[in-house]
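Each residue of the sequence shown is one higher than the one before, starting from 93 at the first, in our numbering.
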Amino acid sequence: MNYQVKHPVLLLAFNRPDTASQVLEKVRAVQPAKLYVAVDGPRPQVPTDAALVADTRRLYEQIDWPCEVHRLYSNTNKGCKLAVAGAITWFFDHEEAGIILEDDCLPAEDFFPFCDEMLTRYCDDERMMNITGTNLQQGRVWGEGSYYFSQYSHIWGWASWRRAWQHYRVDLEGYEAPEATRHLHHIFTDAMLVKSWEEIFHDLKAGKINSWDYQFNMITFFRNGLCITPNVNLISNIGFREDATHTFNVPQQHAAALATGRLDKPLRHPKYFVPEKEADYFFLEKDFWLQAKWQHYHQVQKDKLLRRRFKKWVRGLFRKK
């Protein structure tokens, strides 16, 4: 493949030089003219981190194609939440649009041309919050286009615009619970989904979740935004292993190292700009144990109803005639 990617690329890495080198090889193949690299600092309580972080950074000192390289290396460990969010903000402070890859997200051949075309086509469309390369639909195809629209901002290999990221707030400053609940009820018809996202919102506001991506999903919800999703998978996540920071012992284990596919050319564009609700529900069911959560939630609601009826019946036994 002799394709040269048209947009800048941001690489996010930490302490896995082996996976980072695989991703870098894929980027080398498309030779971006501008490359941004962000690597968090080692954790002081983990003795092996210092050497691994140093090895990872050394990879980015060996860029061997004509390229403007920008590096953001932290002297201290900021953690997934602040390091990644800060790096993406740094990237979009310098660029209007671009492609973002973490050190375990291995892109397929069609990923970069897909991102380039979508970034250009939808650059001024405020409804579009991001483009993803990840498809977890297990072969299901939605609509007649080469891609569809999701309400979930999948971030295993993705692209976006400064105009979208400017709404991001790492601690969701400016958003309060009543407003969040209103938005969630507008998006979801299922009470359990509303409750689940309300809990996530409260945990984010309380600082209980050391991650950055839930916040981007929330902002997408609040803005009625859409994520452009290919109808074939274009990213293989090779990060599911014991030394992972987040992708270990999680519901998406079956999504590890998924095979990637090819998109038909030219791309076919959807006729309607609406989210594929069935695709989103399928994703939730398979990737977040949604079916089990639904069953538990509705059983709880059923039990509450039965208890209320029982109490009413008992009160009736002692009611004066």
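For each residue, glycine too, the CB sits at the ideal point set by N, CA and C.
Looking at the DSSP output, A142 bridges to nothing. Per DSSP, L285 is one residue of the alpha helix (DSSP H) stretching across 283–297. Between F293 and L376, the alpha-carbon positions lie close to 17 Å from each other. Out of A130, M221, Q123, Q258, the CA that lies nearest to the CA of P367 is found in M221. Taking C-beta atoms as the reference points, L355 and S238 count as a pair closer than 7 Å.
Excluding residues up to 5 positions away in sequence, V115, W248, G249, I327, N329 lie with their Cβ nearer than 7 Å to the Cβ of C197 in the same chain. Note: V161 is bridge-paired with L127 in the DSSP secondary-structure output. Between the alpha carbons of K170 and W289 lies a gap of roughly 26 Å.
Taking the C-beta atoms as reference points, C319 is found nearer than 7 Å to T224.
Around the beta carbon of W253, a 10 Å sphere encloses 16 or more other beta carbons of the protein chains shown; the residue is thus reported as buried. I301 and E268 have their C-alpha atoms spaced approximately 17 Å apart. Assigned with DSSP and collapsed to three states, E194 falls in strand. Contact between V145 and L127 does not hold, since their C-beta atoms are separated by about 19 Å, which reaches or exceeds 8 Å. In the three-state reduction of the DSSP assignment, P134 falls in the coil class. For the pair T148 and A177, the CB atoms are not nearer than the 7 Å cut-off.
Distances from the alpha-carbon of A371 to those of N323, P199, W257 put N323 closest. Cβ-Cβ distances below 8 Å link P136 to N169 in the same chain, with the five nearest sequence neighbours on each side left out; the list follows chain order. Contact check for K98 against D216 fails: the beta carbons are separated by 7 Å or more. Its chain contains L103, L104, A105, F106, R108, T111, A112, V115, T148, G331 as the residues whose beta carbon lies nearer than 8 Å to that of D195, once the 5 sequence neighbours on both sides are disregarded; these appear in chain order.
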